[in-house]
Structure formats: C-alpha cells, structure tokens
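Remarks on the structure that follows.
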Amino acid sequence: MSDPAKSNPPESNKPMFALVDVNNFYVSCERAFEPRLQNVPMVVLSNNDGCAVARSQEVKDLGIKMGQPWFKMKDLAKQHGIIAYSSNYALYGDMSNRATAVLRQFCPDIEVYSIDESFLQMQGVAQLYGGHTSMGQGIRQRVLQWTGLPVCVGFAPTKTLAKFANHLAKKNPAFAGVCDLASFDVSTLHTWMAQYDVTEVWGVGRRIGERLRTLGVNTVLDLAKIEPKILRTQFGVVLERTAHELRGTSCLAMEDVIPDKQQIMSSRSFGTPVQTLYELTESVSWHVAAAGEKLRRQRSFSGAIYVFIQTNRFREDQKQYNAGLVMSLPEPTNDTLELSKHALRVLKRLYKPDFIYKKCGIMLLDLSEELHQQASFMVSSIDPRSAQKMQALDAINERFGRGMIRSAACGTSKRWAMRSEARSPRYTTQWDELPVAK
DNA sequence: TCTGGGGTCCTAGGACCC
DNA sequence: TCTGGGGTCCTAGGACCC
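Given below as structure tokens:
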C-alpha cells in the first residue's frame, strides 16, 4: 500500500479548518452541574444581572434576543417559567479550559478564539479519524462525555467558511452537529449560502449588512459572488478578504500564539447609583487593582492610564455627564499603588458633584514588555521593592481571592458593588463549593 | 428599581516636515 | 503675488467580534 499522504499530496497540503463551538455556552455550563435544568427555558445574565447574554434553545424559540434587558422580559419569564442565573465567570473559564484540553488531544494546532470557540488546523489529521465527519462526531462525543458540554463542528478550507459550516451544523438537525463544507459540491454549497442572510457571515455586522443591501447583496451567496474589488473600494480590505474566504481562498491564518494585550480594561456598572467622590474612589481603585493583576500576568508595563465616569444614559429624566481623560505616566509601571495614585488624580479632575453616576472604569494603555524596561540612568521614582511587593500581593490574592489584600482606597463598604443575585456555585474552582453527590 | 464588559483592526483626517 | 505635494505619525471614531 502506498502512503496515503503521498498518493494524495494536493489534498493534504490544502488548508483545512475546523471550528468547534459550544452550544449556548454559559447555559450549557450551568446545565452540566444541574441536570434538572435540561429542557427548561433559561438565561444567563450579564454582570449586574442586566441583560441576557446566553439563552437556552427554549428561550431563543420564544423570540428573546441576545442582550435583551432582564427587567423587560420578566412578564414573559413568569409566563413561561424562564429561569435566570447570574454569570459565573470562574465556572465558565474553567469549563472552557477543560473543553480546550479535550480538543488538543484531537489536533495540536489549535487557536482558542474565544471562551467558547476554537479553530483547529487540520493538515491531514482527519485521516487518522476516518475523515472529517467521523472526526467531528468523535470530538462531540468526547467533549460531551468528559465535560458535559454539547458542541457543534464545522469543517471548511477557510476560517470564514468554517464559521458558516458551524452555523449550518447548529441550525440544521440533519447534520447531527457536524457539517463538512469541503464535501459539498459547488451547487449544494450555493444552495445553502442562498438561504442565509449576509449578516450571518463572520465580519458582517448590522451596519455593513445595511450598506450591502443597498448594493443588492442580501444573502451569503450574494457576498460570495460579488466582485471583491468593489468591496475593497467601498468597504476596505477586511470585507474584501471576507469575500475571498467565502470563495474558498484562505486569507486568515491560525493565530497560535496568544498575543499580549495592547490595552487592559476594567469597568463595571454600579449595582446602585453613586454620587460621592468617595464611592467613585473606591470603585476606581478596585478597577486599577483588577487591571494591574492582568497587566502583571502578561508581564507588561503601562505607560498611560485612562479613567472614565458616566451617568445612566437610559435615564432621560436625569442630567447626563460622561467624561474620561488619559494621563501619561512619568515612567511605565506595573505597580498597582503607583497606578492608583495617578488614576485617582484623574478622577478628582473629572468628578463633578450633582450627577448620579452609573458606571466607571479604567484602561491601561501604552503597554510595553517587561524585557524592554531599562533601569533609568536618572533617579527613578519607582520604589525598588515594588516588584516584590506586587508579587506577594498577587500570590496572596490568587490563593485567598481577589481583594484579600488591597489598597485602603478600595474601601470596605462596596455599596456600589454589582448585583449578582442568582450565581451558581463555583463548582470546579472552589473547594467549599464542590458539587455534592447525594 | 432594573439596560454587559471586554477586546481588535482599519480608516480618515489633521499636524507636521521637507 | 504666488497658496504644492508627498510622506509620516498620531488620534478619534467606527465597525466588528464574543
């Protein structure tokens, strides 16, 4: 017998991607630990229990849209017995890692695209599993068995098509959760493409969708067929690339290494409205601490900090004030206390009494790598013990929970803290919240 | 009463330089 | 009086993603 790779060189050299995506991810995480939630209409709410960020199929069937405010659907919820959970990011993050670990067993070349989606670069791997479809089924089965999470898999020669394949797998029960576009002939592919709105394409949102419609581009197929050069002049390189991808030419490669973040943000709406500088100070200090942790985790330094405060834009009966300011730091730092000092100085300049605030936050900007930090020849104002201090702080907070050690400015009242009234236990990351078998 | 929190990339346009 | 043109860098804002 001849080597299959050799007898078939053009096939195995062509790029081939799989997109694996967990169905209704947050909802599925909750269901994995509470079987009684199966087949029950349920949503998971955003921070502050604001709006629905994950919906079970039953809820989608009721016509409830992504991002719909919870308070607006309470009547419907009562009527249909919709259960709402607060979001539990400790649980979702951990479950995501577990699912990713299973995928890695199938294919080492993996790009974790988001908390619930990964691209796999196949390069002939599927042959080991008897082809795309059976590999896809194998993935579904093992992820479900090992993590309790249901996934769908889409295969195609480009990332954009793999996203579309995944979408088909999700929407059409006939695919049984796995759709291999590479096995479709052109007319079959086009028949499917003609059935879906152009905004289903990865990279085409509401706005671009509207503009495309004026050009007579309504379906996925229309976008695949239009001359890409036209898109280039009217929309730019990104959409041109998307069109090429829909035609089967791979333009987007795997991004295997996770690049360091170029900006780090921490912000949140308040659980209850805030008026005093004192409370804003607490909250901003809290955000600086959270962002500082992320900054040090990727071993970066920040050269500038942005602070903003906002009133509630939905309250037409209240005076509105949105303000933000960037401040360059005298030298890059990763020290939470140093960052706080500057952030609070900015906050004082922004603050105006007589407004009712709804949200505040900070962003760390001008990030640079640790390696590039050089001790200044000039006298540095940075405390030489800063690095050790931050290391100790991170270690303690890692072990005992965020905020165990914090600057005094973070305060103790936290009247502004976000609402999270129906959070499930952190089953997989806290010893005292482990699920109990009865 | 109650309306999320992150990120990225691209482009247009202004400032500035020669 | 004549009112160029090309290049770079930066920023703000818009669009997208999950």
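In terms of the numbering used here, the first sequence opens at residue 1 and continues consecutively.
Just so you know, even glycine gets a beta-carbon here, dropped at the ideal spot from N, CA and C.
- By the Cβ rule, the stretch 289-300 counts as touching the stretch 397-416, because three or more pairs are nearer than 8 Å.
- With contacts defined by Cβ atoms closer than 7 Å, residue 203 and residue 158 do not form a contacting pair.
- Here the C-alpha atom of residue 319 lies approximately 19 Å from the C-alpha atom of residue 271.
- DSSP places residue 429 in the coil class of the three-state scheme, outside both helix and strand.
- Around the C-beta of residue 191, fewer than 16 other C-beta atoms lie within 10 Å, and the residue is accordingly described as exposed.
- Within the DSSP secondary-structure output, residue 138 pairs in no beta bridge.
- Contiguous beta strand (DSSP E) elements confined to the stretch 114-177 occur at 117-121, 151-156, taking only those with 3 or more residues.
- Using a Cβ-Cβ distance cut-off of 8 Å, the stretch 414-423 and the stretch 271-291 are in contact, since at least three pairs of beta carbons, one from each stretch, lie closer than that value.
- One alpha carbon belongs to residue 126, the other to residue 62, and they sit about 38 Å apart.
- When Cβ pairs closer than 8 Å are counted between the two stretches, the stretch 145-165 is seen to touch the stretch 11-22, the count reaching three or more.
- Counting of Cβ neighbours within 10 angstroms places residue 398 among the exposed residues, the total staying below 16.
- Within its own chain, the residues whose Cβ lies closer than 6 Å to the Cβ of residue 265, once the five positions on either side in sequence are excluded, are 363, listed in chain order.
- About 7 Å separates the Cβ atoms of residue 365 and residue 302, confirming a contact at the 8 Å cut-off.
- Residue pairing by DSSP places residue 326 opposite 306 in a beta bridge.
- With fewer than 16 other beta carbons inside 10 angstroms of its own, residue 395 counts as exposed.
- Residue 207 and residue 189 have their alpha carbons spaced roughly 26 Å apart.
- Secondary structure remark: continuous alpha helix (DSSP H) runs of at least 4 residues inside the stretch 51-91, in chain order: 57-61, 74-80.
- Per DSSP, reduced to three states, the secondary structure at residue 110 is strand.
- Separation of the CB atoms of residue 220 and residue 201 is rounded to 6 Å, and the pair is thereby assigned contact status at 8 Å.
- Proximity to residue 275 across 344, 316, 415 peaks at 415, based on C-alpha coordinates.
- According to DSSP, residue pairing for residue 18 in a beta bridge involves 120, 155.
- At a cut-off of 4 residues, the continuous stretches assigned as alpha helix (DSSP H) that sit fully inside the stretch 249-306 are 277-297.
- For residue 369, the secondary structure class from DSSP, reduced to helix, strand or coil, is strand.
- Residues of the same chain with a CB within less than 7 Å of the CB of residue 96, apart from the 5 flanking positions on each side, are 115, 116 in chain order.
- By the beta-carbon neighbour count (other beta carbons within 10 angstroms, threshold 16), residue 128 is exposed.
- Short of 8 Å from the beta carbon of residue 229, and not among the five residues preceding or following it, lie these beta carbons of its own chain, in chain order: 240.
- Distance from residue 107 to residue 285 at the Cβ level is roughly 44 Å; contact not present, criterion being Cβ atoms closer than 8 Å.
- Segment contact: the stretch 69-80 against the stretch 46-57, three or more CB-CB distances shorter than 8 Å; contact assigned.
- Nearest neighbour of residue 195 by Cα position, chosen from 215, 183, 164, turns out to be 164.
- Around the CB of residue 187, fewer than 16 other CB atoms lie within 10 Å, so the residue is classed as exposed.
- In the DSSP annotation of this structure, the continuous segment of the beta strand (DSSP E) that includes residue 45 starts and ends at 42-45.
- The stretch 304-313 makes contact with the stretch 351-359; the number of CB pairs closer than 8 Å reaches 3 or more.
- As the crow flies, the alpha-carbon of residue 436 is around 28 Å from that of residue 139.
- Looking from the CA of residue 154, the closest CA among 146, 142, 122, 144 belongs to 122.
- Within the model, the alpha-carbon separation for residue 350 versus residue 279 is close to 14 Å.
- In this structure, the alpha-carbon of residue 59 lies about 8 Å from that of residue 82.
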